[in-house]
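Okay, structure first, notes after.
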Amino acid sequence: MDLRHAFALISLPLLAVQGTYAPRSDLDEGRYLQVLAAADARLKQNPSDALAWAAKSQALSALMRFGEANSAAQKSLEIKADLAEGYLARGLARAGNAIQQRNLGSLRGASNAMDDFRAATQADPNLASAWMSLGLAYEQLPGLLGGSTKKALACADALRKINPSRGDLLQGMVLSMNGRWTDAKGYFLRALSVAPNDPEIVYGYLDSLGSRTTRKAMGESLQRTELVSEAMRLSPFIKGRSRGLQAVCDALLDGGNPEASWKVAHDSLNRCDLPSLLKIQLGKIAARAGIHREEGLAYLDQVLKDPLEGGTGGTATVQWRRGQILKDLNRPDEARAAAQSALKADPRHPGAKRLIEDLN
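Pasting the structure below:
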């Protein structure tokens, strides 16, 4: 879970204040900077706009600014206590903060997030994003904190009534997390048959196919073969959609074909909706595969100069990848500085910590 065309879209927030305000489609499409700008514009006109606070919160969570996101969500719920988008916003902020904390104490925050997701589905049973978030929370939290595969699958059933392909996506993800890849694949393929150009479905499918759990279920050799085959099959359907292209590139990289991964990202840069995602992807490929290092580093440097779209892992991820490449280029002082910048942005970032240890 992209800083997209922020300056080109600068006039849209002003128009949004005048007309009907419906940020959900932009949130679902990952246009987080646009959502943030539009919400701020509305809040200048009306600080009591609960939906604008909720939208702002969700955009901030995507930008890894979880403290600010939580505050905005709280304001939303103070203004309108039964707002589903407000509950979803607070749940996302709490969940993001819990993941970032990376310790056992953060599980309580994750449990509170699940409560918010549940409240969001009760306040608006047609809010698909809330069902998806609740289902994943049920599956990933331990039973003592309310986690339940049965409840996660029930969320998939509820979501299927609103959005059949997304319901199948959630069911496939839950089943794959349980090591039931054969069962999961059928749901993924059904979702893709209906919406092959939905980047979230492509991402969820390929990410699940490339997981460790799936590797145990099908074996590494077959998994790698399937990753490359399915990435190439799905690539034509998601042209210009950075989130889906990111999944295709990861699948090709994990499948042992880094040059193909690089080519997909590189060739799509000038005709995609979220360039920052693909620039970070190119840096990731360079860091992991050891190819095109100088070019990959240049793309990451560009990302740091431009507005960073949400859904990218934030500045910490960019600096960590820079540090990996700089280390491989035998520039240890710069690599160490990059790793320290990553830890400043996220003090618990495991990759940056390992990089510092390797450099010492």
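For the sequence shown, the positions run -18 to 341 when the working numbering is used.
Even glycine gets a Cβ: it sits at the ideal position worked out from N, Cα and C.
Taking Asp179 as reference, the option from Glu10, Thr1, Gly264 and Gln82 with the minimal CA-CA separation is Glu10.
The alpha carbon of Leu278 has as its nearest neighbour, out of Ile266, Asp287 and Pro288, the alpha carbon of Ile266. Nearest C-alpha to Asn238 among Leu255, Arg222, Lys220 and Ala270: Ala270. Between the beta-carbon of Val229 and that of Leu250 there is about 14 Å, and that puts the pair past the 8 Å contact cut.
The alpha-carbon of Gly148 is positioned some 24 Å away from that of Asn93.
If you look at Ile182, you'll find it in the alpha helix (DSSP H) that goes Pro180 to Leu190. Shown here, Ala3 sits in coil according to DSSP, grouped into three states, outside any helix or strand.
Contact between Ala101 and Ala135 is ruled out by a C-beta separation of about 16 Å, above the 8 Å threshold. Here Asn251 carries a helix assignment [DSSP, helix/strand/coil]. Our two residues, Glu120 and Ala133, have alpha carbons roughly 6 Å apart in a direct line. By the neighbour-count criterion, in which a residue is buried when 16 or more other Cβ atoms sit within 10 angstroms of its Cβ, Gly295 is buried. Counting only residues of its own chain and dropping the five nearest sequence neighbours on each side, Leu108 has a CB closer than 7 Å to the CB of Ala65, Leu69, Ala101 and Thr102. In this structure, DSSP gives Gly160 a state outside helix and strand, which the three-state scheme calls coil. The shortest C-alpha to C-alpha distance from Gly72 to any of Asp287, Glu59, Ser38 and Gln227 is the one to Ser38.
For Ile80, the enclosing alpha helix (DSSP H) starts and ends at Ala65 to Gln82. Between Ala172 and Gly153, the beta carbon gap of about 7 Å places them in contact (Cβ cut-off 8 Å). Looking at Leu32, Leu44 and Ala43, the one whose alpha-carbon comes closest to that of Gln55 is Leu32. Within the segment 265 to 300, the complete alpha helix (DSSP H) segments at least 4 residues long are 274 to 286, listed from N- to C-terminus. One alpha carbon belongs to Gln26, the other to Arg5, and they sit about 20 Å apart.
Measuring C-alpha to C-alpha distances from Val284 to each of Val299, Ile60 and Glu275 identifies Val299 as the nearest.
The alpha-carbon separation between Trp162 and Arg303 amounts to approximately 35 Å. Excluding five sequence positions before and after Ala20, the CB atoms of its chain that fall closer than 6 Å to its own CB belong to Ala33, Ala36 and Lys37, given in chain order. A Cβ-Cβ distance of about 4 Å is found for the pair Pro177 and Phe218, placing them in contact under the 8 Å criterion.
Unbroken alpha helix (DSSP H) stretches of 4 residues or longer found wholly inside the segment 21 to 47: 31 to 43, given in chain order.
Contact annotation, Ala165 with Leu187: C-beta distance approximately 13 Å; criterion of less than 8 Å not satisfied.
When the alpha-carbon of Arg12 is set against those of Pro288, Ile80 and Gln305, the nearest one is in Pro288. Sixteen is the threshold: when 16 or more other Cβ atoms of the shown chains lie within 10 Å of the Cβ of Arg23, as they do, the residue is buried. Ala318 is the residue among Lys308, Ala318 and Asp309 whose C-alpha sits nearest the C-alpha of Ala297.
DSSP places Asp327 in the coil class of the three-state scheme, outside both helix and strand. By the neighbour-count definition (other C-beta atoms within 10 Å, threshold 16), Leu44 is a buried residue. Listed in chain order, the non-local C-beta contacts of Ala111 below 6 Å within the same chain comprise Leu69, Phe98, Ala101 and Thr102, local neighbours out to five positions each way being set aside.
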